[in-house]
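Student: Note that numbering that gives the first Met the number 0 has the sequence shown beginning at 0, numbered continuously upward. Even for Gly, the Cβ is constructed at its ideal location relative to N, Cα and C.
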Amino acid sequence: MALAATAVLAAVPFLTAATTAGSQYVALGDSYSSGLGAGSYGSSGSCYRSADAYPRLWANAHPSDSFAFVACAGATTTDVISSQLSALGPGTSLVSITIGGNDVGFATVMETCVLGSTSDCVNAVDHAEYLAMTQLPGKLSTLFTDIRSDAPNAKVVVLGYPDFYDLSRSQYCIGLSTTDRTDLNNGANVLDSVISTAAGRAGFHYADVRSAFSGHEICDWNSWLHSVDWTFLEASYHPTGSGQADAYYPVFASAAG
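Structure (structure tokens):
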């Protein structure tokens, strides 16, 4: 997801020792995989591929494996199919992906909740949940079928999204109302549930990151998620470098084996 999802998906991906048969490890997906919010984006433009994102950390720890980093901020399931799957091949042994948030318009939801009233926020979250439950399953099924077709020998790890707020500390936290924060967390949970179900049906491994962020959500003193950042709105509600290194990376590493 990206708060301003205007990514140029044609940006050149990061490739290391890629072959026509597909890199051994391919990182697909949206901004939670590209590392938006973690900094150090190099020349990746609006894809915001961070040197501190969990795919790059995995590649650094496994230098003998070829690596294709094609995740891009703002990507939808359609964008992954059209712009990222070409990195896959019979030689691909490991795939990671976060996807789904942009398909249900969660960037718009965040903007509405930050700028609008509580009723506006509730309505926006309700609509995103409706899209997640009615339209997203089919889109994920199509994408996951294509991934399996293009990378028939790969282990595929589908990672979810974190809860955004520590609701137990909401009364001490400036900004949105507790009602808004509760609805946003509920929306993320509905999204995770739909993604988890789709991953299971595809025979992929679903990796839940919510417990890894426990105690480090927005409203916690040591949050691993950006709150609203008026100087760089795209990074809002995205993991910091610590969120990538201390939550997403260990969860992915455990699932990847």
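Going by alpha carbons, who is nearest to aspartate 245 out of Ala52, Cys46, Gly38, Ser30?
Tutor: Counting from one through the sequence shown, the residue named residue 245 turns up at place 246. Considering only alpha carbons, the answer is Ala52.
Student: Are the Cβ atoms of alanine 26 and tyrosine 47 separated by less than 8 Å?
Tutor: In the sequence shown, the residue the question calls residue 26 occupies position 27. In the sequence shown, the residue the question calls residue 47 occupies position 48. Going by C-beta atoms, alanine 26 is not nearer than 8 Å to tyrosine 47.
Student: Please name the residue in Phe68, Pro89, Gly90, Thr91 whose C-alpha comes closest to that of valine 83.
Tutor: Position 84 of the sequence shown, counted from the start, is the residue given in the question as residue 83. Contrary to the premise, residue 83 reads as glutamine rather than valine in this sequence. It is Phe68 whose Cα lies nearest to the Cα of glutamine 83.
Student: With the cut-off set at 8 Å, would you say valine 94 and valine 155 are in Cβ contact?
Tutor: Start at 1 with the first residue of the sequence shown, and residue 94 comes out as number 95. Start at 1 with the first residue of the sequence shown, and residue 155 comes out as number 156. Yes, the pair counts as a contact, with Cβ atoms nearer than the cut-off.
Student: Per DSSP, which residues does proline 238 bridge with? Please list them.
Tutor: For this step, residue 238 is matched to residue 239 along the sequence shown. In the DSSP output, where bridge partners are listed per residue, proline 238 has Leu224.
Student: Who does leucine 27 pair with in a DSSP beta bridge?
Tutor: What you label residue 27 is simply residue 28 of the sequence shown in a count that begins at 1. Answer by DSSP bridge pairing, in chain order: Ile96.
Student: What separation, rounded to the nearest whole angstrom, lies between the Cα atoms of leucine 135 and glycine 100?
Tutor: The residue labelled residue 135 in the question sits at position 136 within the sequence shown. The residue labelled residue 100 in the question sits at position 101 within the sequence shown. Between leucine 135 and glycine 100, the C-alpha separation is close to 9 Å.
Student: The beta strand (DSSP E) with phenylalanine 143 in it runs from where to where?
Tutor: By 1-based counting over the sequence shown, the position of residue 143 is 144. Unbroken run through phenylalanine 143 is the alpha helix (DSSP H), 135 to 149; no beta strand (DSSP E).
Student: The beta strand (DSSP E) that contains valine 189, what's its start and end?
Tutor: Your numbering for residue 189 matches position 190 in the sequence shown. No beta strand (DSSP E) contains valine 189, which is instead part of the alpha helix (DSSP H) from 177 to 201.
Student: For glutamine 23, count neighbouring Cβ atoms within 10 angstroms of its own Cβ and tell me buried if that reaches 16, exposed if not.
Tutor: In the sequence shown, the residue the question calls residue 23 occupies position 24. Under this definition glutamine 23 is a buried residue.
Student: Residue range of the beta strand (DSSP E) that alanine 106 falls in?
Tutor: As a position in the sequence shown, residue 106 is number 107, starting the count at 1. No beta strand (DSSP E) holds alanine 106; the alpha helix (DSSP H) holding it covers 105 to 114.
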